[in-house]
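Structure first, commentary second.
Numbering (this note's numbering), first residue to last: 59 to 304.
Structure below.
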């Protein structure tokens, strides 16, 4: 299977990696990403609370699609709409490329990924200081696509988190929902690895529309839902894992 070509696209706080079959698909994804980000910025100028609130807020009647998607996803899981921004923009960038004729397109935006295509993909999970960081990967077959794979962490990145897990990865058809849900679930991961993972999994099972959830907290791992095959990098990592179940 031919390799996808890649390009990193940075604009203000946006730092995205785009992979696609051809250059025109990448250009279409970049154009869509830029357009939707700019429309969100203009909306925030006249509605600044949309950017700062940690609680759900309804988008205005004339809000751009990106803001509506963020607000609806955030309301579903009880967080502020900016918790869904990266996953929403990743999805919209992919949709723009697909509309322009892209067959296989992946956009990773700040650790949140949206994939469209007709081939399998392997997604590694970065989990900060956990000894399992980059040691676990998800094998996602083409039948699951399009799909969002969004990760929230209490130990890496600039995003605010009230939890403790090194990585909460959520799979869903909606990039906005996967992103918002990963934040909401990560917020629940408190009280140590076992209790934290169980609390996160209980929160995950209460959210409709999620495909699967994987939580990594130090060397402890828990999951729920229709999880794709988890690939472990080496025998040492496999022996290190402590599995947690509800």
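No residue lacks a Cβ here, since even glycine has one placed at the ideal position from N, Cα and C. This one's a predicted model, so the numbers in the text were calculated from it and none came from an experiment.
task: Along the beta strand (DSSP E) that carries residue 283, what are the first and last residues, could you check?
output: In this chain, the beta strand (DSSP E) harbouring residue 283 covers 278 to 283.
Practice prompt. Give the DSSP bridge partners of residue 137, in chain order.
Written response: By DSSP's assignment, residue 137 forms no beta bridge with any residue.
task: Pick out whichever of 104, 206, 205, 248 has its Cα sitting closest to the Cα of residue 224.
output: For the residues 104, 206, 205, 248, the minimum Cα distance to residue 224 belongs to 248.
| request: Using alpha carbons as the reference points, say which of 208, 189, 148 lies closest to residue 95. | output: Considering only alpha carbons, the answer is 148.
What three-state label does DSSP hand residue 100 in the structure shown? DSSP places residue 100 in the helix class (H, G or I) of the three-state scheme.
- Message: Report the start-end ranges of each beta strand (DSSP E) in the segment 145 to 227 that is 3 residues or longer and not cut off at the edges.
- Response: Counting only runs of at least 3 residues, the segment 145 to 227 fully encloses the following beta strand (DSSP E) elements, listed from N- to C-terminal order: 163 to 167, 170 to 174, 179 to 182, 194 to 198, 205 to 210.
ask   = How many whole angstroms separate the CB atoms of residue 271 and residue 264, which I take to be in contact at a CB cut-off of 8 Å?
value = Wrong, their Cβ atoms sit about 11 Å apart, outside the cutoff.
field: Coil, strand or helix - residue 107 by DSSP
entry: In the structure shown, residue 107 sits in a helix (DSSP, three-state: H, G or I).
*So does the segment 190 to 202 actually touch the segment 148 to 159, counting three or more Cβ pairs closer than 8 Å?*
The segment 190 to 202 vs the segment 148 to 159: no contact.
Would you decide whether residue 294 is buried or exposed? Buried here means 16 or more other CB atoms lie within 10 Å of its CB.
Residue 294 is exposed by the Cβ-count criterion.
#### Entry: Selection from 226, 109, 297 that minimises the alpha carbon distance to residue 170
For the set 226, 109, 297, the Cα lying nearest the Cα of residue 170 is the one of 226.
How is residue 14 classed by DSSP in three states: helix, strand or coil?
-> The question about residue 14 has no answer here: the residues shown for the chain are numbered 59 through 304.
Note to self: Taking 6 Å as the limit between beta carbons, can you name the residues of its chain near residue 281, skipping five residues before and five after?
What the structure shows: These residues qualify, in order along the chain: 272.
* Asked: Could you give the distance in angstroms between the alpha-carbon of residue 65 and the alpha-carbon of residue 86?
  -> The straight-line gap separating the alpha-carbon atoms of residue 65 and residue 86 is approximately 12 Å.
- For the candidate residues 296, 221, 126, whose alpha-carbon lies nearest to that of residue 233? The alpha carbon of residue 233 has as its nearest neighbour, out of 296, 221, 126, the alpha carbon of 126.
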